[in-house]
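Participant:
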Amino acid sequence: MLRLAHPPEKVWRALTEPEQLVHWFPAAVEAEPFVGGGVAFAFPGEEPATGGEVTEFDPPRVFAFTWEGDHLRWEVAPDGTGGSEGEGGSVLTLVHSFDDRYGAASFATGWSACVAGLAALLSGEPVPEGDPDDMAATHERYVREFALSEGVSSVLPGGGWQVRFERQLVRPAEVAWERLDPEVDAELFPLGGETAADPPVLLEREWLAGGGPGQPLA
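For the sequence shown, full-length UniProt numbering assigns the number 1 to the initial residue and increments by one for each residue that follows.
1) Does residue 106 come out as helix, strand or coil in the three-state DSSP assignment?
2) Quick one: using the 10 Å Cβ neighbour count with 16 as the cut-off for buried, is residue 4 buried or exposed?
3) Can you list, in chain order, the residues of its chain whose CB lies under 7 Å from that of residue 34, leaving out five sequence neighbours each side?
4) Select from 174, 69, 192 the residue whose C-alpha is nearest the C-alpha of residue 198.
5) Suppose contacts are defined by Cβ-Cβ distances below 7 Å. Is residue 69 in contact with residue 79 by that definition?
6) Which one or two residues does DSSP pair with residue 203 in a beta bridge?
7) I'd like to confirm something about residue 90: is its beta-carbon nearer than 6 Å to some heavy atom of the ligand FMN, or not?
8) How long is the line joining the alpha carbons of residue 71 and residue 108, rounded to whole angstroms?
9) Report the CB separation of residue 92 from residue 74 in whole angstroms; it is logged as a contact under 8 Å.
10) Around the C-beta of residue 143, are 16 or more other C-beta atoms found within 10 angstroms, so that it is buried, or is it exposed?
11) To the nearest angstrom, report how far apart residue 10 and residue 94 are at their CA atoms.
12) Can the beta-carbon of residue 127 be found closer than 7 Å to that of residue 23?
13) Determine the direct distance from the alpha carbon of residue 140 to that of residue 163, and round the result to whole angstroms.
14) Which residue's Cα is closest to the Cα of residue 62: 52, 76, 50?
15) For residue 220 and residue 38, which I take to be in contact (beta-carbon distance under 8 Å), what is that distance rounded to the nearest angstrom?
16) Considering only residues of the same chain and omitting the five flanking positions on each side of residue 133, which have a CB-CB separation below 8 Å?
17) Measure the Cβ-Cβ separation of residue 20 and residue 14 and say whether it is below 7 Å.
18) List the endpoints of the continuous alpha helix (DSSP H) containing residue 175.
19) What distance in whole Å lies between the Cβ atoms of residue 193 and residue 206, which are believed to be in contact at a cut-off of 8 Å?
20) Once you ignore the five residues that flank residue 113 on each side, which residues in its own chain have a CB closer than 6 Å to its CB?
21) Since residue 103 contacts residue 168 with CB under 8 Å, what's their CB separation in whole angstroms?
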């Protein structure tokens, strides 16, 4: 939820007009303004555009649509306090529904930057470019808030247990791959030889539990 010192009609235009969306939304957007209408999302230098469908369209209150497998719902409500244009302000609420739990921190980081850009656009200020270090710090904060760094244990079909950790990283796979060097943290995690490798996607090694061969780490 974001409070904006601008009337709902002005916020609505920034949410729905392609010439305004291009300044703060992650992609250029073209949408047919009715339920069931198509939506096209285009990133600079990338083809073809991805698609979606309008699921709600109630000017100047609700604009909702799918984006491939995700669903975004933007709602604008009048806010009698905080208006700077003599017409009261607005409360903007975004609900992003998706099925990739471990992507939550990345999504939240991205949308935080986007709505900051929207607020700047509405105020007639330059839309800030996201600082990589600031965004990385924001991402880690959301990882903690959403408890995304915790492992998940499960019973193996043949007996025994498995512990799985998943993290969505903010650096390229090639950079993360370099940190998997066996000399890194060797005292904490004594590793044996490779049992599978597919750079920069998969690395599996034995963990030398108790000084001898143990279980594979992938």
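Beta carbons are placed, not taken as given, at the ideal position from N, Cα and C, and that holds for glycine.
These numbers were taken from a predicted model, which means no experiment stands behind them.
Facilitator: In brief:
1) helix
2) buried
3) 54, 57
4) 174
5) no
6) 197
7) For the ligand FMN, the structure offers nothing, since it holds no ligand at all.
8) 14 Å
9) 7 Å
10) buried
11) 17 Å
12) yes
13) 22 Å
14) 76
15) Since the displayed the chain opens at 1 and closes at 218, residue 220 lies outside it and no answer follows.
16) none
17) yes
18) 173–178
19) 6 Å
20) 130
21) 6 Å
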